[in-house]
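Student:
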Amino acid sequence: MSKRRSFLKSATVLGAATLLHQTSWGNDSFAKTKVKPKKLSPGDTIGLVAPGFAIKLEELYLAVDTLEKMGFKTFYTDRIKGNYGYFSNTDEERAADLNEMFANPDIDAILCARGGYGCTRILGMLDYDAIEDNPKALIGFSDITALINTIYKKTGLVGFHGPVGKTLDDEYSQAYFKKVLMEPQETMPIKNAILKDPKQYRNSEYYRYTITPGVAQGELIGGSLTLVTAMIGTPYELDFTDKLVFLEDVEEAPYRMDRMLTQLSEVDSFLKAKGIIFGVCKGCDRKRTTENFTLREVIMDRIKPLNIPAVYGMSFGHIPQNSTLPIGIEASFNAYKKQLRLLEAAVSQ
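Note that UniProt numbering gives residue 83 to position 83 of the sequence shown, counting from 1, and the numbers run on in steps of one.
#1: By how many angstroms is the C-alpha of residue 138 removed from the C-alpha of residue 128?
#2: Give the single residue among 249, 108, 270 and 114 whose Cα lies nearest to the Cα of residue 58.
#3: For the UniProt domain "LD-carboxypeptidase N-terminal" (46 to 162), list the alpha helix (DSSP H) runs that are entirely contained and at least 4 residues long, ordered along the chain.
#4: Note down, one range per segment and in chain order, each alpha helix (DSSP H) of at least 4 residues found wholly within the stretch 249 to 275.
#5: Use the C-beta contact count for residue 76: other C-beta atoms within 10 angstroms, 16 or more gives buried, fewer gives exposed.
#6: Are the Cβ atoms of residue 98 and residue 49 separated by less than 8 Å?
#7: Could you give the first and the last residue of the continuous alpha helix (DSSP H) run that contains residue 172?
#8: Which first and last residues belong to the alpha helix (DSSP H) in which residue 225 is found?
#9: When the cut-off is 8 Å and only beta carbons count, does residue 152 lie next to chain D?
#10: Let me make sure I understand the geometry here. Which of 144, 245, 118 and 179 has the alpha-carbon closest to that of residue 265?
#11: Just the Cα atoms here: how many angstroms apart are residue 63 and residue 169?
#12: In three-state terms, what does DSSP make of residue 204?
#13: Which residue from 125, 231, 165 and 283 puts its Cα closest to that of residue 256?
#14: Does DSSP classify residue 330 as helix, strand or coil?
#15: Among the candidates 67, 52, 183 and 237, whose CA atom is the shortest distance from the CA of residue 263?
#16: Spell out a yes or no on whether the stretch 288 to 302 and the stretch 160 to 178 are touching, meaning 3 or more CB-CB pairs, one atom from each, closer than 8 Å.
#17: Using 8 Å as the threshold, is the C-beta distance between residue 230 and residue 120 below it?
#18: Can you tell me whether residue 314 is helix, strand or coil according to DSSP?
#19: Going by beta-carbon coordinates alone, are residue 192 and residue 202 separated by less than 8 Å?
#20: What does DSSP give as the partner residues of residue 348 in its beta bridges?
#21: So, with DSSP's three-state summary, where would you put residue 295?
#22: Sort 125, 223, 215 and 51 by Cα distance to residue 79 and report the nearest one.
#23: When the Cβ atoms of the stretch 270 to 290 are set against those of the stretch 303 to 313, are three or more pairs found closer than 8 Å?
#24: To the nearest angstrom, how far is the alpha carbon of residue 36 from that of residue 148?
#25: Check for me: the beta strand (DSSP E) holding residue 339 runs from which residue to which?
#26: Measure the C-alpha to C-alpha separation of residue 90 and residue 337 and round it to an integer number of angstroms.
#27: Can we say the stretch 216 to 230 touches the stretch 312 to 330, given the rule of at least three CB pairs closer than 8 Å?
#28: Would you decide whether residue 100 is buried or exposed? Buried here means 16 or more other CB atoms lie within 10 Å of its CB.
#29: Please say whether residue 181 and residue 160 have beta carbons closer to each other than 8 Å?
#30: Please identify the residue among 32, 38, 340 and 33 whose C-alpha is closest to the C-alpha of residue 183.
#31: Please name the residue in 60, 44, 94 and 56 whose C-alpha comes closest to that of residue 118.
#32: Measuring alpha carbon to alpha carbon, tell me which of 131, 68, 69 and 225 ends up nearest residue 96.
#33: Look at the Cβ atom of residue 44, then the Cβ atom of residue 108, and state whether they are nearer than 8 Å.
#34: Below 6 Å CB to CB, which residues in the same chain sit around residue 42 once its five sequence neighbours on both sides are set aside?
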């Protein structure tokens, strides 16, 4: 299979490639070999895309400025500046932008400028052949959960749950972006951020606590709880068997968290997960009243009975201190000590 795909593809070819992959992967009858993208180096070019919501120009320019200060070159097309309702562009244009970034040999990695909503709408439009032929790091979180997990499932390419372009201007986030993507190590601890902001330190949503003690080891998968549950029952549903599942969300009331966790706990493969790791669910807690539960009460009620090692409050999610977690990489987890360690490099030399 050619390693240099045409930079521009016709809609017919894209549709045929997508149909082929949907047919092959309809029942997950086989697993793809894990593929690690090349490590990033200073001077590499990072392509910026907005596969979901529209991005403000000042946010785009902030992302460009941040990446250039980190030593990277940047590239983006005019599609990223679009505005189609709440999306950055039409489904077809957003998918085409991502497909072209993978096919473009001058792009070394792809960073999503923001999340929002829209990635699930373009999963059937992605050229998984071109992605498989041109493995490169795709980074983002929130709605990007759908992309990085589906691409790993269909191609074996390791993706990265990490900051998006408009949230990368944070010291902790940049540190783990560099550690995971630029400094490959056989083992790497993902240390939690030290909370210096009194607003975070006193906020119950940032409290770290063990849900169920225990130790576990497995491949990392997960991301936004909303997206993980949205893909249940579709061809893109995650298989949690023997995995370390990491979850986070934002601005979801406790009853909505309850509903999603209840749905997730009814998935057979989720009950076979090795560990459950919650990040910070910002904006998801409420005061305890006679008519309401706290976020912690909901999580303990829904997760503890599963008897799977689990913890809440690790440093990832819709927060400034967002670590970079590679999808598909083997890791170890100690719920009692609230420790996570990568057991293999996430990128190739």
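Ideal Cβ placement from N, Cα and C applies to all residues, glycine included.
Tutor: Here's the rundown:
#1: Straight-line Cα distance between these residues: approximately 13 Å.
#2: Answer by Cα proximity: 114.
#3: You should have 57 to 69, 91 to 103, 128 to 133 and 145 to 155.
#4: DSSP runs (the alpha helix (DSSP H)) wholly in the stretch 249 to 275: 254 to 264.
#5: By the 16-neighbour rule on beta-carbons within 10 angstroms, residue 76 is buried.
#6: Cβ distance < 8 Å, so residue 98 and residue 49 count as in contact.
#7: That run of the alpha helix (DSSP H) goes 171 to 182.
#8: In the DSSP annotation of this structure, the continuous segment of the alpha helix (DSSP H) that includes residue 225 starts and ends at 225 to 230.
#9: Of the protein chains in this structure there is only one, and it is not chain D.
#10: Each of 144, 245, 118 and 179 was checked against the Cα of residue 265, and the nearest Cα belongs to 245.
#11: Cα to Cα, residue 63 sits roughly 8 Å from residue 169.
#12: In the structure shown, residue 204 sits in a helix (DSSP, three-state: H, G or I).
#13: Nearest Cα to residue 256 within the set 125, 231, 165 and 283: 283.
#14: The three-state secondary structure of residue 330, taken from DSSP, is strand.
#15: Looking at the Cα atoms, 237 is the closest of the given residues.
#16: Taking 8 Å as the limit for Cβ pairs, the verdict is that the stretch 160 to 178 does not touch the stretch 288 to 302.
#17: Judged by beta-carbon spacing, residue 120 lies within the 8 Å limit of residue 230, meaning their Cβ atoms are closer than that value.
#18: Residue state, collapsed to three classes: coil.
#19: No, these two residues do not count as a Cβ contact at 8 Å.
#20: For residue 348, the pairing in a beta bridge is given by DSSP as 38.
#21: Residue state for residue 295 is assigned as helix, using DSSP reduced to three classes.
#22: Comparing Cα-Cα distances from residue 79 to each of 125, 223, 215 and 51, the minimum goes to 51.
#23: Short answer: they touch.
#24: In this model, residue 36 and residue 148 are separated by some 13 Å (Cα to Cα).
#25: From DSSP, the beta strand (DSSP E) with residue 339 extends over 339 to 342.
#26: The alpha-carbon atoms of residue 90 and residue 337 are separated by roughly 46 Å.
#27: Touching, yes, given that three or more Cβ pairs across the two stretches are closer than 8 Å.
#28: So residue 100 counts as buried.
#29: Yes, Cβ-Cβ distance for residue 160 and residue 181 is below 8 Å.
#30: Nearest of 32, 38, 340 and 33 to residue 183, Cα basis: 38.
#31: Ranking 60, 44, 94 and 56 by CA distance to the CA of residue 118 puts 94 first.
#32: Comparing alpha carbon positions, the residue from 131, 68, 69 and 225 closest to residue 96 is 131.
#33: Residue 108 is positioned such that its CB atom lies closer than 8 Å to that of residue 44.
#34: Taking residue 42 as the centre and dropping the five residues before and after it, the same chain places the C-beta of 71 closer than 6 Å to its C-beta, in chain order.
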